[in-house]
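Heads up, the thing below is written out as structure tokens.
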Amino acid sequence: MSRDRLAAARVSSIQQDIERVNANVHQIATLHARILNVIDHGESQDVAQLEQISGETRTLSNRLKDRIKTLERAPAGPDAKIRKNQTGLVREKFLDAIRNYQRVEQDYRKKSEERVERQLKIVKPDASPEEVKAVVGGGGQQIFAQALSSTSRYGESRMAFREVQERQTELRKMEQTIAELAQLFSDDETIGDIENIAGHVEEDTRAG
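Position in the sequence shown (from 1) plus 157 gives the number in this note's numbering.
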């Protein structure tokens, strides 16, 4: 097989894997929607499935980044211009796939934070913005301890507290996923504008 035919075959293979990323992200979004309506994560198979497919998608994205960089650095051949155009096309498709993944994660984080706030206000209807922020950020155990000791609806409040703890775990995982997507491109030299995407995600993470 000639160098240019080999490059064309690699481009085709990369395109197929980008489609796999897109399909996985679509499934991740579907699982997010289902998990948002689950109170007890321990009884849901969706949570384990989400962890599996998220890990697979991050691994696949890492591999795609390396393959595209290799393709871009390959020596030029007789069809160099065609190959450059093909490489540019898969590069943009890859960027689009990562942007979409980031949007899905950001949307899920926002909805999970809203769910945490609603559950907190079951336990403490007069919770201050500072208390809401503390609980969304993974803290607030003292807030719940005090509220649970004084409420007349202990069973309902205890269930709300349990769900908040599970949502807090999910939020930590989301932050890790977002950070890993950013780190994926932190040392990249060839796919330049991905670093800008990563920077925007880190800013969004800090801004909440």
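All C-beta atoms in this analysis are idealised placements derived from N, C-alpha and C, irrespective of residue type, glycine included.
Relative to the alpha-carbon of Ala180, which residue among Lys241, Asn257, Gly245 and Ala190 has its alpha-carbon at the smallest distance?
Taking the first residue of the sequence shown as position 1, residue 180 is located at position 23. Of Lys241, Asn257, Gly245 and Ala190, the residue nearest in Cα terms is Asn257.
Does DSSP put Asn380 in a helix, a strand or coil?
Nothing in the structure corresponds to residue 380, since the chain is present only between 158 and 365.
Taking the alpha carbon of Arg220 as the point to measure from, which residue in Gln184, Gly296 and Ser170 has its own alpha carbon closest?
Walking along the sequence shown from the start, residue 220 turns up at place 63. Looking at the Cα atoms, Ser170 is the closest of the given residues.
My output table needs one value for Lys281: the three-state DSSP class, helix, strand or coil.
The residue given as residue 281 occupies position 124 in the sequence shown. Reduced to three states, the DSSP call for Lys281 is coil.
Near Asp203, which residues of its chain fall below 8 Å by C-beta distance, leaving aside the five closest residues on each side in sequence?
Looking up residue 203 in the sequence shown gives position 46. Cβ within range, chain order: Leu188, Arg191, Ile192 and Val195.
Using only the alpha-carbon positions, how far apart do Gln276 and Gln322 sit?
Within the sequence shown, numbered from 1, the residue matching residue 276 stands at position 119. Within the sequence shown, numbered from 1, the residue matching residue 322 stands at position 165. Going from the Cα of Gln276 to the Cα of Gln322 covers about 10 Å.
Taking all protein chains shown into account, do 16 or more other C-beta atoms lie within 10 angstroms of the C-beta of Ser306, making it buried, or fewer, making it exposed?
Translated into positions along the sequence shown, residue 306 becomes position 149. Answer is exposed; the Cβ neighbour count stays below 16.
Do you know how far the Cα of Val292 is from the Cα of Gln173?
Here the question's residue 173 lines up with position 16 in the sequence shown. Here the question's residue 292 lines up with position 135 in the sequence shown. Going by the C-alpha atoms only, they are around 42 Å apart.
Look up Ala231 in the DSSP assignment and say whether it is helix, strand or coil.
Position 74 of the sequence shown, counting from 1, holds the residue named residue 231. Ala231: coil per DSSP, three-state reduction.
Below 8 Å, how does it come out for the region 322–339 and the region 263–278: are there three or more Cβ pairs, yes or no?
yes
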